[in-house]
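Here the sequence shown stands for residues 191 to 370, where the numbers follow the numbering used here.
Even glycine gets a Cβ: it sits at the ideal position worked out from N, Cα and C.
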Amino acid sequence: MIIIDLLENDIEKINQTARLLHESFEAWPTIDSAIREVFESLSDDSISRVLVNGDDEVIGWIGGRSQYDGNVWELHPLVIRKDSRMRGFGKLLVIDFERQVYQRGGITIILGTDDEYNQTSLANVNLYDDIPAHLSNFESLDHPANFYRKLGFVIVGVIPDANGIGKPDIIMAKRVKSVD
Numbered sequence: 191m192i193i194i195d196l197l198e199n200d201i202e203k204i205n206q207t208a209r210l211l212h213e214s215f216e217a218w219p220t221i222d223s224a225i226r227e228v229f230e231s232l233s234d235d236s237i238s239r240v241l242v243n244g245d246d247e248v249i250g251w252i253g254g255r256s257q258y259d260g261n262v263w264e265l266h267p268l269v270i271r272k273d274s275r276m277r278g279f280g281k282l283l284v285i286d287f288e289r290q291v292y293q294r295g296g297i298t299i300i301l302g303t304d305d306e307y308n309q310t311s312l313a314n315v316n317l318y319d320d321i322p323a324h325l326s327n328f329e330s331l332d333h334p335a336n337f338y339r340k341l342g343f344v345i346v347g348v349i350p351d352a353n354g355i356g357k358p359d360i361i362m363a364k365r366v367k368s369v370d
C-alpha cells in the first residue's frame, strides 16, 4: 500500500476515486457529481491523496482545502473502500494528511461529520436550547466522530439541522503545529 498525490492527468485513478465516493456517500448520487468533486480537489489550494494497493487500485481517498490564508485546512472527504474498512487505512490517510498540512505551514485541521442516522446524542434534539450543554454531554454510538476523537480531534461546534431537522453537522478540529 502506498499513499500518493491524485494527479489531474491520472484519469483511471480519478475515475476509481469517483466511483468510491459515489458508492460510499449519498451526497454524491451520480457518478458525474462524484467526478466533479474529485476534480475540484485537484486545485492548487487543495490536498488530494489516494491510498493505492499492489494492483494499482484506489482503496482510499482523503482531500482537503486551504482556508484562512493556509492556517486552517478542511479535511473533506475521507473515504475507504467498503471491503477495506476497519483495517487502519483511514488512520493512515489522516496521519498523511496531517503531515501534508504541516509541511504547507498549516496550523489547524477542521472537518464536519454529519449525523444523519441518529448515531450521536446531538441527533433528533433541539440543540438551540443549550448548545454548550449538548456538546459537553456528547455521546456517540457507531459514528465517525469516535474515529476522529481517537486521532486527537476535538468537537469545537455543531451546525444544528444542517442535513434536515435533527440531523446536525458536528465540527471537529485538531492542531497540527506545536505551540512554541
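Compare the beta carbon distance of GLU198 and ILE204 with 9 Å and say whether it is the shorter of the two. One-based indexing of the sequence shown puts residue 198 at position 8. One-based indexing of the sequence shown puts residue 204 at position 14. Yes, the pair counts as a contact, with Cβ atoms nearer than the cut-off.
Cβ contact (3+ pairs, closer than 8 Å) linking the stretch 271-291 and the stretch 314-330: no
Cut-off 6 Å between Cβ atoms - residues of its own chain near ILE192, not counting five sequence neighbours on either side: Position 2 of the sequence shown, counting from 1, holds the residue named residue 192. Result list for ILE192: VAL242, in chain order.
Cβ separation of PRO358 and ASP305, assumed to be a contact under 8 Å, to the nearest whole Å: The residue labelled residue 358 in the question sits at position 168 within the sequence shown. The residue labelled residue 305 in the question sits at position 115 within the sequence shown. Confirmed, Cβ separation roughly 6 Å.
Name the DSSP bridge partner or partners of LYS364? Your numbering for residue 364 matches position 174 in the sequence shown. Note: LYS364 sits in a beta bridge opposite ILE299.
Inter-residue CB distance, ALA313 and GLY356 (contact presumed, cutoff 8 Å): Numbered from 1 along the sequence shown, position 123 holds the residue referred to as residue 313. Numbered from 1 along the sequence shown, position 166 holds the residue referred to as residue 356. The Cβ separation is near 6 Å, so the contact holds.
Would DSSP call THR310 helix, strand or coil? Walking along the sequence shown from the start, residue 310 turns up at place 120. THR310: strand per DSSP, three-state reduction.
On the premise that ARG255 lies in contact with LEU210, defined as a C-beta separation below 8 Å, what is that separation, rounded to the nearest angstrom? Locating residue 210 in the sequence shown gives position 20, counting from the first residue. Locating residue 255 in the sequence shown gives position 65, counting from the first residue. Actually they are not in contact, since the Cβ atoms of LEU210 and ARG255 sit about 19 Å apart, beyond 8 Å.
Could you pull out every residue in the same chain whose Cβ sits closer than 6 Å to the Cβ of GLY250, ignoring the five residues on either side in sequence? The count along the sequence shown starts at 1 and reaches residue 250 at position 60. Once the five neighbours on either side are set aside, the close Cβ partners of GLY250 are LEU241, ILE270, PHE279 and LEU283.
Residue ranges of each alpha helix (DSSP H) within the stretch 199-257, 4 or longer: 201-214 and 221-230
Taking only three categories from DSSP, how would you classify PRO267? Here residue 267 corresponds to residue number 77 of the sequence shown, with the count starting at 1. Looking at PRO267 - three-state DSSP - the assignment turns out to be strand.
Starting from ILE321, follow the alpha helix (DSSP H) in both directions and report where the run begins and ends. Translated into the one-based positions of the sequence shown, residue 321 becomes position 131. Taken as a continuous stretch (DSSP letters only), the alpha helix (DSSP H) holding ILE321 covers 321-326.
So, is ARG277 buried or exposed, given that buried needs 16 or more other C-beta atoms within 10 angstroms? Counting from 1 along the sequence shown, the entry for residue 277 is found at position 87. That one is exposed.
Quick check on DSSP: helix, strand or coil for GLY280? Here residue 280 is taken as the residue at index 90 of the sequence shown, counted from 1. Helix.
Is the beta carbon of ILE299 less than 9 Å from the beta carbon of ALA363? If you number the sequence shown from 1, residue 299 lands on position 109. If you number the sequence shown from 1, residue 363 lands on position 173. Yes, the pair counts as a contact, with Cβ atoms nearer than the cut-off.
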